[in-house]
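J.: Before I ask anything, here is the structure I am working with.
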Amino acid sequence: MAKAPRPEPAPGLVIVDKPAGWTSHDVVGRMRRLAGTRKVGHAGTLDPMATGVLVIGIGRATRLLTYIVGHDKAYEATIRLGQSTVTDDAEGDVTASRDASSVTDAAIADAVAGLTGDISQVPSTVSAIKIDGQRAYKRARDGETVEIPARPVTVSAFDVLATRRSGDTIDLDVRVEVSSGTYVRALARDLGAALTVDGHGVGGHLTSLRRTRVGGLTLADARTLDELAALVESGAEVPRVPLGAAASAVLPTIALTEPHARALGYGQAIPASALGEQSAHDGPYAGLAPDGDLVAVLERRADTLRPAVVFRPSGSEPSPAAAQ
1 MAKAPRPEPA
11 PGLVIVDKPA
21 GWTSHDVVGR
31 MRRLAGTRKV
41 GHAGTLDPMA
51 TGVLVIGIGR
61 ATRLLTYIVG
71 HDKAYEATIR
81 LGQSTVTDDA
91 EGDVTASRDA
101 SSVTDAAIAD
111 AVAGLTGDIS
121 QVPSTVSAIK
131 IDGQRAYKRA
141 RDGETVEIPA
151 RPVTVSAFDV
161 LATRRSGDTI
171 DLDVRVEVSS
181 GTYVRALARD
191 LGAALTVDGH
201 GVGGHLTSLR
211 RTRVGGLTLA
221 DARTLDELAA
231 LVESGAEVPR
241 VPLGAAASAV
251 LPTIALTEPH
261 ARALGYGQAI
271 PASALGEQSA
281 HDGPYAGLAP
291 DGDLVAVLER
301 RADTLRPAVV
311 FRPSGSEPSP
321 AAAQ
């Protein structure tokens with residue numbers, strides 16, 4: 001007798017406060033076990049050293065992750081001036097040391113200002129960027145000389161919260177808000193290069209990194225893996241941010257009428273006039289049913305809105321609104 005198909009897991013996002021030492025893939029593996037499904041993915045890799053917001057999609061919510069990856073992000077970090085490392089963070093060997101004790105607070109402020117706004121950044125050679133089909137970090141670890149072209153990024157905020165001086169080094173606690181694709185460890189490297197003593201950059205690298213926000217999803221929404229495991233062990237389900245609330249945190253929303261929601265659920269287009277006051281936005285948009293559930297992600301084409309991804313086909317049940 002054929003086995004009954006496994007029911008689809010309740011869709012939604014889980015905001016995990018990733019622990020240090022775990023890869024993003026490790027977290028996905030743990031969440032698969034906790035949620036009881038293999039349909040789990042993440043939006044935006046965090047290095048093993050980093051902690052903080054890792055957005056996990058479960059079930060149909062994995063189809064929303066592509067719209068989350070490209071969002072701006074916020075971090076808190078510590079930059080050590082006076083040392084360079086092969087990875088631009090504390091996980092790599094120190095490649096150069098220079099006495100940074102004479103670098104003034106005013107010079108640091110000027111260099112930080114020069115790395116704020118729309119800038120051109122060369123990603124770290126141990127980044128996951130593909131060069132001729134291979135990850136840059138693999139080429140670097142194989143001993144190749146890796147040349148990654150600079151690319152435009154936006155650093156909308158770069159604030160020094162505290163400065164600690166110890167011997168030849170200076171530690172800066174900073175808060176940054178950056179566009180997708182910006183490497184905070186490259187900011188640390190470039191800050192160290194911009195601050196010079198006797199004509200040479202003092203060098204810099206990250207000693208800690210904590211992601212505090214992805215789009216509108218913050219640490220306030222996050223739970224640790226231990227907290228999630230304890231909930232599951234108590235008999236509760238993994239708490240999820242429902243699809244409607246998740247989409248609203250990262251996309252402009254459209255309040256749909258029932259006829260429009262039904263048409264989109266069948267894969268049909270609706271008039272662009274449904275945008276109302278959102279008409280100036282480029283999109284994509286989250287189309288929400290009258291009950292707040294996510295019907296579809298919409299793209300504008302001339303005078304119509306077409307579903308790019310349908311999350312609630314017409315005739316299906318609304319997504320369970322699992323509260324956190």
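According to our numbering, the sequence shown is numbered sequentially starting from 1. All C-beta atoms in this analysis are idealised placements derived from N, C-alpha and C, irrespective of residue type, glycine included.
Give me the Cα-Cα distance between residue 123 and residue 236, rounded to the nearest whole angstrom.
T.: On the sequence shown, position 123 is the one that residue 123 refers to. On the sequence shown, position 236 is the one that residue 236 refers to. In a straight line, the C-alpha of residue 123 is about 42 angstroms away from that of residue 236.
J.: Consult DSSP for residue 25 and reduce its assignment to one of helix, strand or coil.
T.: The sequence position of residue 25 within the sequence shown is 25, counting from 1. In the structure shown, residue 25 sits in a helix (DSSP, three-state: H, G or I).
J.: Examine the Cβ distances between the stretch 7-27 and the stretch 175-188 and report whether three or more of them are shorter than 8 angstroms.
T.: Result no; under three Cβ-Cβ pairs closer than 8 angstroms.
J.: Three-state secondary structure (DSSP) at residue 296?
T.: For this step, residue 296 is matched to residue 296 along the sequence shown. In this structure, residue 296 counts as strand in the three-state DSSP scheme.
J.: DSSP has residue 177 in a bridge; who is on the other side?
T.: Indexing the sequence shown from 1 puts residue 177 at position 177. Answer by DSSP bridge pairing, in chain order: 74 and 157.
J.: Counting only the same chain and skipping the five closest in sequence on each side, list residues whose C-beta sits under 8 angstroms from that of residue 20.
T.: Reading the sequence shown from its first residue, position 20 is the one you call residue 20. Beyond the five residues adjoining it in sequence on each side, residue 20 comes within less than 8 angstroms, by CB distance, of 48, 49, 50 and 51 in the same chain, given in chain order.
J.: So residue 264 and residue 283 are supposed to be a Cβ contact under 8 angstroms. How far apart are they, rounded?
T.: The residue given as residue 264 occupies position 264 in the sequence shown. The residue given as residue 283 occupies position 283 in the sequence shown. Contact doesn't hold; Cβ gap of about 14 angstroms is too wide.
J.: Which residues does DSSP pair with residue 285 in a beta bridge?
T.: Translated into the one-based positions of the sequence shown, residue 285 becomes position 285. Note: residue 285 sits in a beta bridge opposite 298.
J.: Quick one: which unbroken beta strand (DSSP E) runs of 3-plus residues sit fully inside the stretch 47-108? Chain order, please.
T.: 51-58, 73-81, 83-85 and 94-97
J.: What separation, rounded to the nearest whole angstrom, lies between the Cα atoms of residue 312 and residue 187?
T.: For the purposes of this step, residue 312 is taken as the residue at position 312 of the sequence shown. For the purposes of this step, residue 187 is taken as the residue at position 187 of the sequence shown. When rounded, the distance between both Cα atoms is 42 angstroms.
J.: Since residue 300 and residue 272 should fall inside the 8 angstroms C-beta cutoff, what is the C-beta to C-beta distance between them, to a whole number of angstroms?
T.: Translated into the one-based positions of the sequence shown, residue 300 becomes position 300. Translated into the one-based positions of the sequence shown, residue 272 becomes position 272. About 6 angstroms; that satisfies the 8 angstroms criterion.
J.: Please name the residue, chosen from 150, 243, 258 and 260, that lies closest to residue 65 on a Cα-to-Cα basis.
T.: In the sequence shown, counting from the first residue as 1, residue 65 sits at position 65. The candidate whose alpha carbon is nearest that of residue 65 is 243.
J.: Am I right that residue 39 and residue 58 are in contact with their C-beta atoms under 8 angstroms? What's the rounded C-beta distance?
T.: Within the sequence shown, residue 39 is the residue found at index 39, counting from 1. Within the sequence shown, residue 58 is the residue found at index 58, counting from 1. The Cβ separation is near 7 angstroms, so the contact holds.
J.: Relative to the C-alpha of residue 251, which residue among 226, 215 and 197 is closest?
T.: As a working note, residue 251 is residue 251 in the sequence shown. Closest by alpha carbon: 215.
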